[in-house]
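One structure is given below, encoded as structure tokens.
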């Protein structure tokens, strides 16, 4: 097989996912070998050989798993799809041949992103590889020793004493005002 050129437009994929969720049928396409070729597509992926078809089939199957078995929302599936698309672009469709060092290189390439974003990518990739192990595509999860960056701890936002006084000194006109003041006093 020579070069395969596949075009992907996220809006088309999401439209299909939304339609199919309503119908409770397939996520993207019944023709799994051309899953991501359906409809008009704007972003381009150029990959050599059979790997793109394998990657598309596996990603399609994973998205179906997320929708039907894990019952994730459309927005979560969109997010996972975007992350996996970027991951697939980086490795040019060779998703089942990766080892820990490859994943480490990918994570290192994301250093310009924030630690929460990198953590999200690691979570998505780990979930994807757990799926691959459980479905028998691979035997070992290359993400096993992949650690997420430490997330900074933030102090909670709080009200000042003046703001609390303003909140508690409301005009009590309706029964709802009395109820709301009582709730606020209990919380304070």
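Residue numbers (our numbering): 10 to 197.
Idealized CB from N, CA, C, for every residue including glycine.
No experiment lies behind these values; they were computed from the predicted model shown.
Do residue i and residue j have their C-beta atoms within less than 8 Å of each other?
i, j, result
"residue 90", "residue 118", "no"
"residue 96", "residue 115", "yes"
"residue 92", "residue 130", "yes"
"residue 155", "residue 112", "yes"
"residue 76", "residue 86", "yes"
"residue 190", "residue 179", "yes"
"residue 124", "residue 165", "no"
Going by CA-CA distance only, name the one from the options that's closest to residue i.
i, options, result
"residue 104", "182, 135, 187", "135"
"residue 63", "73, 101, 79, 83", "101"
"residue 177", "184, 166, 194", "194"
"residue 161", "182, 128, 148", "128"
"residue 150", "159, 166, 132", "132"
"residue 126", "88, 79, 142", "88"
Using 10 angstroms around the beta-carbon of residue i, count the other beta-carbons present and answer buried if the total reaches 16, otherwise exposed.
i, result
"residue 69", "buried"
"residue 171", "exposed"
"residue 52", "Low per-residue confidence applies at residue 52: pLDDT is 33, beneath 50, and the placement is therefore not dependable enough to give any value."
"residue 140", "buried"
"residue 187", "exposed"
"residue 57", "Reliability of the predicted coordinates at residue 57 is poor, the pLDDT of 32 falling under 50, and the value obtained from them is presented with this limitation in mind. So residue 57 ends up on the exposed side."
Would you give the residue range spanned by the alpha helix (DSSP H) that residue i belongs to?
i, result
"residue 119", "Here residue 119 belongs to no alpha helix (DSSP H), and DSSP marks it neither H nor E."
"residue 135", "124-143"
"residue 97", "83-100"
"residue 188", "184-196"
"residue 172", "170-177"
Would you verify that the beta carbon of residue i is, or is not, closer than 8 Å to some beta carbon of chain D?
i, result
"residue 169", "Judged by its chain identifiers, the structure shown contains no chain D, having just a single protein chain."
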